[in-house]
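Chains as they are written, first to last, in my numbering: chain A, 1 to 258; chain B, 1 to 258.
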DNA sequence: AGTCACACTTTCACTCTGTGGAAGTGCAAC
DNA sequence: GTTGCACTTCCACAGAGTGAAAGTGTGACT
């Protein structure tokens, strides 16, 4: 859960702790933008006392980052909307992403998602969901470190590395996958090389225990726009099936690159 | 300028003043999302001392709302991207909006924008810019009160008024247009009636001195999604031209309503 | 009508957080 | 070398932000 991660910033023992009231307010804002509505719910998510939440929410409301309907519920406000759309670097890509994703979904009936790199995270900006009873969902806004999962590693492998290198926190050279496996920076480099060679990223049980994924880059004029990923529950993971999906993904990705 | 309006919250003499550090942080965030990059610039825009700005920006960075490149410049961070795509109430609409806007732009070679209502503001979420030398620009994220301009008034006129009535601050019954003209609440009601009758909003020198606009509603299943607006510099405002644009807009809006 | 439960707001005294001036750092230009 | 600039860190102090508790309002159940 995301709330937890952010909240941790508050009681980070060593190093800088940031401005407390600001961190709390941002937590509340995130929670509201992700669908929490009532004061109590928001306060809970952000781990803040009711009175404090009330005060901070009032501030966010004054600044037009949130609005409050007559029944007391909080919703994203106009300034937040404006901010998000003003800063959106991907508006152009998204249309393409949506089309590719849903046509591939129709072909495979598996969830297909489009990821871009933002800072050191991979963020899903568009997805088309499988219609099967057992499915891996992946909603726009899903976010995680670039160095985990097929999509993230593909973003790393095919980017021209203008960003801070490989996205690991400075000084780190080991990290864990969701299943507990330990990877080193050298592993990661090696994986990226393999991915570049194969033209496609693959991962199993990495960002989620129960699913695997393949991800292929989409280029436009030699520039990496993002990656197209097929995410599948572990319950469907036999060899031929994986091969079939890889082939379809390859085709789709190449068709939409220019 | 927007910065000023938000900053005013800080030294509002009477009534609640909100949590100071939060307001300042939000100012910095707005400024960054709107294109300010360096510490000094951001601090200036938000009216905050350098040391404070530095501390608050560090906090925003820790929370992933901003990221900072190697050269020190600040950019919107992954959490903002995630929020944009996670909470987006308009994701479905936006695709449609983009298509309609750019095809109408191609037809008229005037800037076409798509507005939705968020709180008591109209916000541009998509636009296609005229290619003429003299043009009115309108970027996604542009925001203003609902009761000003063709787009805003069209949003008012065709909505089912579920929102707080007409969007004027409670107790107000007069307001000024950009050109200084004074309007009353009664005027506004009357205008809305006319707009409903004509099926289209019109305004001249209202949200900007130097341009006029027409705006038509887009419905989906009887529900107002937003309005499509053509915004044109005053330098092109003869009668036939206005009529031509109105006709084209009407056609486009009806074609994309269902 | 009366009681209870719940969701939220306001108050207030205390404390610890956030503040801004000044000093420090690092870099690029001259 | 020296100067100027952009930014960061330090620190003592003031007052901003905090949370417990009391207050308000609403809706449900009896």
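Cβ coordinates follow ideal geometry from the N, Cα and C atoms, glycine included.
Residue-level contact to chain A via CB, residue i, 8 Å cutoff
{"i": "residue 74 of chain B", "result": "no"}
{"i": "residue 23 of chain B", "result": "yes"}
{"i": "residue 105 of chain B", "result": "no"}
{"i": "residue 131 of chain B", "result": "no"}
{"i": "residue 43 of chain B", "result": "no"}
{"i": "residue 91 of chain B", "result": "yes"}
{"i": "residue 121 of chain B", "result": "yes"}
{"i": "residue 19 of chain B", "result": "yes"}
Cα-Cα separation between residue i and residue j, rounded to whole angstroms
{"i": "residue 251 of chain B", "j": "residue 147 of chain B", "result": "25 Å"}
{"i": "residue 209 of chain B", "j": "residue 36 of chain B", "result": "26 Å"}
{"i": "residue 195 of chain B", "j": "residue 130 of chain A", "result": "43 Å"}
{"i": "residue 197 of chain A", "j": "residue 188 of chain A", "result": "14 Å"}
{"i": "residue 75 of chain A", "j": "residue 256 of chain B", "result": "28 Å"}
{"i": "residue 73 of chain B", "j": "residue 218 of chain A", "result": "28 Å"}
{"i": "residue 54 of chain A", "j": "residue 79 of chain B", "result": "23 Å"}
{"i": "residue 59 of chain A", "j": "residue 172 of chain B", "result": "22 Å"}
{"i": "residue 249 of chain A", "j": "residue 237 of chain A", "result": "16 Å"}
{"i": "residue 119 of chain B", "j": "residue 77 of chain B", "result": "25 Å"}
{"i": "residue 184 of chain A", "j": "residue 177 of chain A", "result": "11 Å"}
{"i": "residue 29 of chain A", "j": "residue 244 of chain B", "result": "45 Å"}
{"i": "residue 115 of chain A", "j": "residue 135 of chain B", "result": "35 Å"}
{"i": "residue 91 of chain B", "j": "residue 99 of chain B", "result": "13 Å"}
{"i": "residue 104 of chain A", "j": "residue 17 of chain A", "result": "44 Å"}
{"i": "residue 84 of chain A", "j": "residue 65 of chain A", "result": "11 Å"}
{"i": "residue 259 of chain A", "j": "residue 239 of chain A", "result": "No statement about residue 259 of chain A is possible, as the shown extent of chain A runs from 1 to 258 and does not include it."}
Proximity of residue i and residue j at Cβ, strictly below 8 Å
{"i": "residue 229 of chain A", "j": "residue 213 of chain A", "result": "yes"}
{"i": "residue 154 of chain A", "j": "residue 128 of chain A", "result": "no"}
{"i": "residue 106 of chain B", "j": "residue 132 of chain B", "result": "no"}
{"i": "residue 63 of chain B", "j": "residue 42 of chain A", "result": "no"}
{"i": "residue 216 of chain A", "j": "residue 200 of chain A", "result": "yes"}
{"i": "residue 97 of chain B", "j": "residue 140 of chain A", "result": "no"}
{"i": "residue 192 of chain A", "j": "residue 156 of chain A", "result": "yes"}
Residue from the options with nearest C-alpha to residue i
{"i": "residue 89 of chain A", "options": "A:80, A:117, A:113, A:76", "result": "A:117"}
{"i": "residue 95 of chain A", "options": "A:105, A:77, A:125, A:108", "result": "A:125"}
{"i": "residue 24 of chain B", "options": "B:49, B:177, B:224, B:141", "result": "B:49"}
{"i": "residue 142 of chain A", "options": "A:78, A:82, A:231", "result": "A:231"}
{"i": "residue 39 of chain B", "options": "B:61, B:234, B:258", "result": "B:61"}
{"i": "residue 223 of chain B", "options": "B:200, B:203, B:172, B:93", "result": "B:93"}
{"i": "residue 175 of chain B", "options": "B:145, B:234, B:115", "result": "B:145"}
{"i": "residue 32 of chain A", "options": "A:227, A:247, A:45, A:59", "result": "A:45"}
{"i": "residue 220 of chain A", "options": "A:17, A:159, A:200", "result": "A:159"}
{"i": "residue 47 of chain B", "options": "B:81, B:21, B:138", "result": "B:21"}
{"i": "residue 82 of chain A", "options": "B:34, B:149, B:82, B:225", "result": "B:34"}
{"i": "residue 203 of chain B", "options": "B:140, B:85, B:150, B:233", "result": "B:150"}
{"i": "residue 234 of chain B", "options": "B:207, B:99, B:119", "result": "B:207"}
{"i": "residue 246 of chain B", "options": "B:29, B:192, B:184, B:112", "result": "B:112"}
Residue burial classification, residue i (beta-carbon count within 10 angstroms, cutoff 16)
{"i": "residue 57 of chain A", "result": "buried"}
{"i": "residue 180 of chain A", "result": "exposed"}
{"i": "residue 67 of chain B", "result": "buried"}
{"i": "residue 241 of chain A", "result": "exposed"}
{"i": "residue 182 of chain A", "result": "exposed"}
{"i": "residue 51 of chain B", "result": "exposed"}
{"i": "residue 258 of chain A", "result": "exposed"}
{"i": "residue 227 of chain B", "result": "buried"}
{"i": "residue 70 of chain B", "result": "exposed"}
{"i": "residue 121 of chain A", "result": "buried"}
{"i": "residue 211 of chain B", "result": "buried"}
{"i": "residue 137 of chain A", "result": "exposed"}
{"i": "residue 304 of chain A", "result": "This structure gives no information on residue 304 of chain A, because the portion of chain A shown stretches from 1 to 258."}
{"i": "residue 162 of chain A", "result": "Since pLDDT at residue 162 of chain A reaches only 43, below the 50 mark, its modelled position is unreliable, and no value is offered."}
{"i": "residue 253 of chain B", "result": "buried"}
{"i": "residue 123 of chain B", "result": "buried"}
Interface flag, residue i vs chain B, CB-CB below 8 Å
{"i": "residue 7 of chain A", "result": "Summary for residue 7 of chain A: the model assigns pLDDT 46, below 50, so the residue's position carries little reliability; its value from the coordinates is reported in the next sentence. No, its Cβ sits nowhere closer than 8 Å to a Cβ of chain B."}
{"i": "residue 85 of chain A", "result": "yes"}
{"i": "residue 95 of chain A", "result": "yes"}
{"i": "residue 114 of chain A", "result": "no"}
{"i": "residue 34 of chain A", "result": "yes"}
{"i": "residue 124 of chain A", "result": "yes"}
{"i": "residue 143 of chain A", "result": "yes"}
{"i": "residue 58 of chain A", "result": "yes"}
{"i": "residue 55 of chain A", "result": "yes"}
{"i": "residue 203 of chain A", "result": "no"}
{"i": "residue 175 of chain A", "result": "no"}
{"i": "residue 225 of chain A", "result": "no"}
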